[in-house]
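In this text, residue positions in the sequence shown follow the UniProt record's numbering: the first is 1, and each later residue adds one. Think of the CB as a built atom: it goes at the ideal place given N, C-alpha and C, for glycine as much as any other residue.
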Amino acid sequence: MWAKLSNFSFQFPFPRPLFVCLSCAFVNVLFLNPLETGEPSYSDQIKSNDSESVESETKFYPTKSSIPLPPSPAMANVSVAAEWQLLYNRYYRKPELYRMGWRYVDLSRNRVACAPFGGPIAVIRDDSKIVQLHSESALRKLRIFNSAGVLLSETVWKNSGGRLVGMAWTDDQTLACVVQDGTVYRYNLHAELLEPNISMGKECFEQNVVDCVFWGNGLVCITESNQLFCLSDFKNPNPSKLADPGIEDPPHCMAVIEPQYTMSGNVEVLLGVGDAYVLAVEEDGVQQLGLEVLRGPLQKMAVSRDGQWLASFTHDGRLLVLTSDLRQVIIEQECEADENLRLIRSSLPEAVEACIAAAGHEFDVLRQRTLLRAASYGQAFCSNFQRDRIQEMSKILRVLNAVRNHEIGMPLSIQQYKLLTPSVLIGRLINAHQHLLALRISEYLGMNQEVVIMHWACSKITASLAIPDAILLETILDKLRLCKGISYAAVAAHADKSGRRKLAAMLVEHEPRSSKQVPLLLSIGEEDTALIKATECGDTDLVYLVLFHIWQKRQPLEFFGMIQARTLARDLFIAYARCYKHEFLKDFFLSTGQLQEVAFLLWKESWEIGKNPMASKGSPLHGPRIKLIEKVHNLFSETKEHTFESKAAEEHSKLLRMQHELEVSTKQAIFVDSSISDTIRTCIVLGNHRAAMKVKTEFKVSEKRWYWLKVFALATIRDWDALEKFSKEKRSPIGFRPFVEACIEADEKGEALKYIPKLADPRERAESYARIGMAKEAADAASQAKDGELLGRLKSTLSQNAAASSIFDTLRSSFQGVS
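Below is the structure:
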């Protein structure tokens, strides 16, 4: 177990003797250590249980805390350098960090999964072994500890699917457990089963899984039939089958090269098989590796994090480190020390950097201080050294020492910290409910504290079911106000999901952004408040969002009552309903007593019906259209201000009814929606004089208008006898000029001659004669008018007739004042 919990502390590329000499020479020099500025370290800060702190309200430590490892007396007397061991050309040291806080945990009897980056440890009894039970329950439990052996959570293992084949932690600290039938069960840090479960497929289910290998966010399984199945991403589970390796016996060992480190971009599985070779299996093929460099079968394999190197144990106990393509064995070479390098000033910056780097890799705080003192002393003699390097390392070490505390139990190395990044570390701290430490680290590193405070607030709500809403609100607001721009709506949404709807409503009142506030108010049933907030901010999209939501939730009359008092909401609803929801808009206008608006809507609806080609020819659609217009008439008649509209609607319905009857009788769809004048003209053209007279009488058409219409209608059908007879019926109220115009337009000059002499005005007679080409008669009429200007116009009209021009010139010379 100690081997599993040990961290490689330092890989220093500087020669060992020089590093040792610098460390020893600088150890007794005093200077202002950045770690000793009077500010308490984070490991000290988390012990101060401030009653007003974020964490003190939600953090619950286990009753059994882990015991910090006391310093060994022998260790204090041994040189710092004596603990380092040479491996190839690097020196390493393995410190013991904790004495585990658990009891009755024998790793040989359990399956264990340790998360990287100082993460948790999952332990479950190995069901393939016969074990002796002590005081623990006979029920098989999955237990999750931190790296110091402090129990974080546990649950009873009740999953079906056969024996547990393997388990491991993913990159997002989700525990993935694979059972024999290929089902993958997932648990979070709190031993809660995550849904849904993942299946490796039907074929894998039928063949039974016998072994599996995990990587950051993926999984490869091998079945009893030696077939390989791959799951590349737990977040988007899509299992696939790899190529058939074509082996009969199970492989000796198995390892995985992650997709980002392969040429193909797909996962590559290494299988140790046969006497001296390895199979590289991908989705589309299998390749034999290591035939030239291996001298026997491999028993264990492990791939480096960057996918470049492969460490393996051979059958005869040798350790081999090869390239991942198994083409080259890495040969150890000893790095001989140069005793004189430490005396060369040009090498001093390297020695200072080595001390700083060693401090970063060191876990013991006293040794960190010793190394940083040495680096600070040496830095004074370096002219070109980065001055803030020690300060940066001090800041990192403060954070690392805080999370390494046995109560936190995250023994991160500096490499792991840099790979993990501070933001991910803070995420893991708040996930473990270490909010106070996460908040102070965020503040110390100058990071956004919103994530920490929001997570604390949500956790506080979940854990405070017995606290009244008003008291809990004040507690939460005190902390949320620490961070400007924090989303109150997100916290309110969590309160609503937790069943604290009243608390959610109170929280969302403090949300300054309407775009976040209004949707949440709708989700918690506060439609009235949501409508008020949306109209106050003036955002039409938000107003429409509220309107549509209320529309679906409330009865129509209740909905109308809500929007009537809100001008913006009412106007936006009317604008929308005019385009898409006429019936709903009519109900709204009726409920508010706006009868004239209902009338206008019905009138528009009648015109929409009229656009339907089936609305005539005796169609049943024509009747409803007339009835709609009659309703319009009745609605307009209810108000004194719309007398004109009422009369117009009445006459419109009457005209439509008559036009419909005419179309039915004539079997011609040419009357509906034409004007009164067009209807009369069409009746006369069709010879239906009785119907034309009926329309004239019904709509009180004037005599002058009647004469104009009939004259031109008869001329259109060239019924000259009827036109002449009509001219003689009685004295024409419009004179005879329309008769002349109608005949000339019909190119009937002879018929026009019947009416020109009847024109009383000589000017009109002259112009009419000129239009039909009768120059002499035009000149005679013009001479009676004694109008020189008229003569000029007539001359230009008959300019092609030389004789006529001579006549007009003679007449013009006879008038005085005519040039």
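Buried versus exposed call for residue 732 [16 or more other C-beta atoms within 10 Å across all chains shown]: On the sequence shown, residue 732 is found 732 positions in, with the first residue counted as 1. Classification for residue 732: buried.
How many angstroms separate the CA atom of residue 384 from the CA atom of residue 353? Taking the sequence shown and counting its residues from 1, the one referred to as residue 384 is at position 384. Taking the sequence shown and counting its residues from 1, the one referred to as residue 353 is at position 353. Residue 384 and residue 353: Cα-Cα distance of roughly 12 Å.
Entirely enclosed beta strand (DSSP E) segments - the region 184 to 215, minimum 3 residues: 193 to 199, 209 to 215
Let me know if residue 362 comes out buried or exposed under the rule of 16 or more other beta-carbons within 10 Å of its beta-carbon. Counted from its first residue, the sequence shown places residue 362 at position 362. Buried: at least 16 other Cβ atoms inside 10 Å.
Extract the residue ranges of the beta strand (DSSP E) inside the region 282 to 364, only unbroken runs of 3 or more that lie entirely within it. 285 to 289, 298 to 303, 309 to 314, 319 to 323
If you run the structure through DSSP and keep just helix, strand and coil, what is residue 137? Indexing the sequence shown from 1 puts residue 137 at position 137. Of the three classes helix, strand and coil, the one that applies to residue 137 here is coil, per DSSP.
Taking DSSP's pairing of strands, which residues face residue 265 in a bridge? To locate residue 265, count along the sequence shown from 1; it is residue 265. According to DSSP, residue 265 bridges with nothing at all.
Pairwise C-alpha distance: residue 347 and residue 195: The sequence position of residue 195 within the sequence shown is 195, counting from 1. The sequence position of residue 347 within the sequence shown is 347, counting from 1. Straight-line Cα distance between these residues: approximately 58 Å.
Expressed to the nearest angstrom, what Euclidean distance is found between the alpha-carbon atoms of residue 422 and residue 130? Your numbering for residue 422 matches position 422 in the sequence shown. Your numbering for residue 130 matches position 130 in the sequence shown. Distance between the alpha carbons of residue 422 and residue 130: 43 Å.
With DSSP as the reference, please indicate the residues paired to residue 458 in a beta bridge. Against the sequence shown, residue 458 aligns to sequence position 458. DSSP lists no partner for residue 458.
Looking only at its chain, what residues have a beta carbon closer than 6 Å to the beta carbon of residue 330, apart from the 5 residues adjacent to it on each side? Translated into positions along the sequence shown, residue 330 becomes position 330. The answer, listed in chain order, is 321.
Expected contact under 8 Å - CB spacing of residue 280 and residue 294 to nearest Å: For the purposes of this step, residue 280 is identified with residue 280 of the sequence shown, where counting begins at 1. For the purposes of this step, residue 294 is identified with residue 294 of the sequence shown, where counting begins at 1. Contact flag wrong, Cβ pair sits at about 13 Å.
If you compare alpha carbons, which of 170, 185, 313, 173 is closest to residue 160? The sequence position of residue 160 within the sequence shown is 160, counting from 1. Of the candidates 170, 185, 313, 173, the one whose C-alpha sits nearest the C-alpha of residue 160 is 185.
Sequence-distant residues of its chain with Cβ nearer than 7 Å to residue 506 (five each side left out): In the sequence shown, the residue the question calls residue 506 occupies position 506. Contacts found: 469, 473.
Reference residue 285; option with closest CA among 267, 296, 87: Along the sequence shown, one-based indexing puts residue 285 at 285. Out of 267, 296, 87, 267 has the C-alpha closest to the C-alpha of residue 285.
Is the beta carbon of residue 272 sitting closer than 8 Å to the one on residue 251? For this step, residue 272 is matched to residue 272 along the sequence shown. For this step, residue 251 is matched to residue 251 along the sequence shown. Yes, these two residues count as a Cβ contact at 8 Å.
Residues of its chain near residue 67, where Cβ-Cβ distance is below 6 Å and the 5 sequence neighbours each way are ignored: In the sequence shown, the residue the question calls residue 67 occupies position 67. For residue 67, the predicted structure reports a pLDDT of 35, less than 50, and the residue's modelled location is therefore unreliable. The matter cannot be settled from this model.
Taking contact to mean at least 3 C-beta pairs separated by less than 8 Å, is the region 206 to 221 in contact with the region 187 to 194? no
Thinking just about the alpha-carbon of each residue, which of 241, 304, 239 is nearest to the one in residue 257? Position 257 of the sequence shown, counted from the start, is the residue given in the question as residue 257. Nearest C-alpha to residue 257: 304.
Kindly list the residues whose CB is nearer than 8 Å to the CB of residue 444, restricted to its own chain and excluding five residues on each side of it in sequence; keep chain order. Along the sequence shown, one-based indexing puts residue 444 at 444. Same-chain partners within the cutoff: 42, 395, 398, 399.
Can you give the Cα-Cα distance for residue 261 and residue 306, rounded to whole angstroms? Mapped onto the sequence shown, residue 261 falls at position 261. Mapped onto the sequence shown, residue 306 falls at position 306. Spanning the two alpha carbons is a distance of roughly 7 Å.
Report the residue from 377, 376, 358 whose alpha carbon sits nearest the alpha carbon of residue 368. Counting from one through the sequence shown, the residue named residue 368 turns up at place 368. If we check each option's Cα against that of residue 368, 358 comes out closest.
Under the rule that 16 or more other beta-carbon atoms within 10 Å means buried, what is residue 244, buried or exposed? In the sequence shown, the residue the question calls residue 244 occupies position 244. By the neighbour-count rule (16 or more Cβ atoms within 10 Å), residue 244 is not buried but exposed.
Distance, Cα to Cα, residue 373 vs residue 379? Along the sequence shown, one-based indexing puts residue 373 at 373. Along the sequence shown, one-based indexing puts residue 379 at 379. About 10 Å.
Comparing alpha-carbon positions, which option in 491, 712, 498, 497 lies nearest residue 516? Position 516 of the sequence shown, counted from the start, is the residue given in the question as residue 516. The option with the nearest alpha carbon to residue 516 is 491.
In the DSSP assignment, what residue or residues form a beta bridge with residue 256? Position 256 of the sequence shown, counting from 1, holds the residue named residue 256. Its beta-bridge partners are 269.
Does the pairing of the region 438 to 455 with the region 176 to 183 give three or more beta-carbon distances under 8 Å? no
Which same chain residues end up closer than 6 Å to residue 751 when comparing Cβ atoms and leaving out the 5 residues on each side of it in sequence? Taking the first residue of the sequence shown as position 1, residue 751 is located at position 751. Here the set comprises 720, 743.
Own chain residues within Cβ distance below 8 Å of residue 511, not counting five before or after: Here residue 511 refers to the residue found at position 511 when the sequence shown is read from its first residue. Cβ neighbours of residue 511 beyond the five flanking positions: 487, 488, 489, 492, 517, 520.
Counting only runs that start and end within the region 125 to 177, where is the beta strand (DSSP E) found for 3 or more residues in a row? Here the runs fully enclosed are 141 to 145, 151 to 156, 164 to 169.
Pull up the CB-CB distance for residue 709 and residue 674, whole angstroms please, since I reckon it's below 8 Å. Numbered from its first residue, the sequence shown carries residue 709 at position 709. Numbered from its first residue, the sequence shown carries residue 674 at position 674. Not really, about 13 Å apart at Cβ, beyond 8 Å.
Where DSSP assigns a beta bridge to residue 218, which residues make up the other side? Taking the first residue of the sequence shown as position 1, residue 218 is located at position 218. Answer by DSSP bridge pairing, in chain order: 215.
Tell me which residues share the same chain as residue 452 and place their Cβ nearer than 7 Å to its Cβ, disregarding the 5 neighbours each side in the sequence. By one-based count along the sequence shown, residue 452 stands at place 452. Closer than 7 Å at Cβ, skipping near neighbours: 426, 430, 435, 438, 439, 442.
Residue 75, DSSP secondary structure in three states: Residue numbering aside, residue 75 sits at position 75 when the sequence shown is read from its first letter. Any reading at residue 75 must be qualified, since the residue scores a pLDDT of 39, below 50, and its modelled position is unreliable; the value itself is stated next. Helix.
Residue 760: buried (16+ other C-beta within 10 angstroms of its C-beta) or exposed? For the purposes of this step, residue 760 is identified with residue 760 of the sequence shown, where counting begins at 1. Exposed: under 16 other Cβ atoms inside 10 Å.
Would residue 242 and residue 230 be called neighbours here (beta carbons separated by less than 8 Å)? Position 242 of the sequence shown, counted from the start, is the residue given in the question as residue 242. Position 230 of the sequence shown, counted from the start, is the residue given in the question as residue 230. Yes, these two residues count as a Cβ contact at 8 Å.
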